[in-house]
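Taking it in order: structure first as structure tokens, then the write-up.
Number of protein chains: 2
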Amino acid sequence: MAYGNALAALADPTRRAVFERLRTGPRSVKTIAHGMPVSRPAVSQHLKVLKEAGLVADRPEGNRRVYYIDPEGLGALRGWLDQFWDAALAAFQAEVEKSADEQKESK
Amino acid sequence: MAYGNALAALADPTRRAVFERLRTGPRSVKTIAHGMPVSRPAVSQHLKVLKEAGLVADRPEGNRRVYYIDPEGLGALRGWLDQFWDAALAAFQAEVEKSADEQKESK
DNA sequence: ACTTACGGTAAGTTATGGCTTACGGAAATG
DNA sequence: CATTTCCGTAAGCCATAACTTACCGTAAGT
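If you're matching them up, the sequences are chains A and B in order.
Numbering of the first sequence is given in this note's numbering, commencing with residue 7 and proceeding in unit increments.
Numbering of the second sequence is given in this note's numbering, commencing with residue 7 and proceeding in unit increments.
This is the structure we're talking about:
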């Protein structure tokens, strides 16, 4: 269920941009919002969603709040994806062979 | 940019359920829709979105259309996630140590 | 040929969610 | 202690998107 919230959180382009800004390291809200096409409160709301999804965590630093990526949500996503990876490759390979057979038949 | 569409496609719970039904192997639209809380046309619309995101592919089989998972979209997602994984772990570890230092200081 | 099964598309309705402005509180600065 | 900086929350607006029903074409059965 955890990966569901993570997927929903990362679906929005703006929120994903917020998340991607944390890839290089921890940042304050101000520096995250700087240069973004939306207002600072909007960024705060996005951070809240990301936090609830387990994708980011935050720490108070004096006047500011510093956000950073939380591996928990990221790990849940990876685990969910890996469930599909092997099965998907096998199924896809079978389809390729099936279409190759049809090619041969129609000759 | 491909991972963006994939994330958006998998964000919706119903559409994700459709996708997850293909994990065990190829299926027709009818069998996918069977037992779902939404109508069959809704399932068709979800399949269209998944297909445009590169997450599924389809093949005609007589009267029916059989859908199966396409590794392309899945792979794009994995690649994008991996970009964050190492950086996230390192950053998170640094935060843990920082909070441990503060504990020691306040003693 | 008629009928049934299958599935994609169109049109219309409704709920959700992302944005803005306005406000409030807490910590630094002077 | 007044002011400024930083950030979160509330209220309201509006666009998007996930449904529904209705309809259409195509392939299989009888």
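For each residue, glycine too, the CB sits at the ideal point set by N, CA and C.
These numbers come from a predicted model, not from an experiment.
| Item | Value |
| --- | --- |
| For isoleucine 75 of chain B and chain A, any beta-carbon pair shorter than 8 Å? | yes |
| Which residues, in order along the stretch 7-20 of chain A, keep a beta-carbon less than 7 Å from a beta-carbon of chain B? | Gly10, Leu13, Ala14, Leu16, Ala17, Pro19 |
| If we ignore side chains and look at the alpha-carbon of each, how far apart do serine 34 of chain A and glycine 10 of chain A end up? | 27 Å |
| From which residue to which residue does the alpha helix (DSSP H) around proline 47 of chain B run? | 46-58 |
| Would you mind telling me which residues of chain A sit closer than 8 Å to glutamate 101 of chain B, beta carbon to beta carbon, in chain order? | Pro32, Ala63, Arg65, Tyr74 |
| Mind listing, in chain order, the continuous beta strand (DSSP E) runs of no fewer than 3 residues lying wholly within the stretch 62-104 of chain A? | 62-67, 70-75 |
| Run through DSSP, which three-state label would arginine 29 of chain B get? | coil |
| Could you tell me whether any Cβ in chain A is nearer than 8 Å to the Cβ of glutamine 89 of chain B? | yes |
| Rounded C-beta distance between aspartate 76 of chain A and phenylalanine 98 of chain B? I'm assuming under 8 Å. | 7 Å |
| Can you find a CB in chain B that lies within less than 8 Å of the CB of methionine 42 of chain A? | no |
| Quick check: what's the CA-CA separation for glutamate 26 of chain A versus leucine 53 of chain A? | 12 Å |
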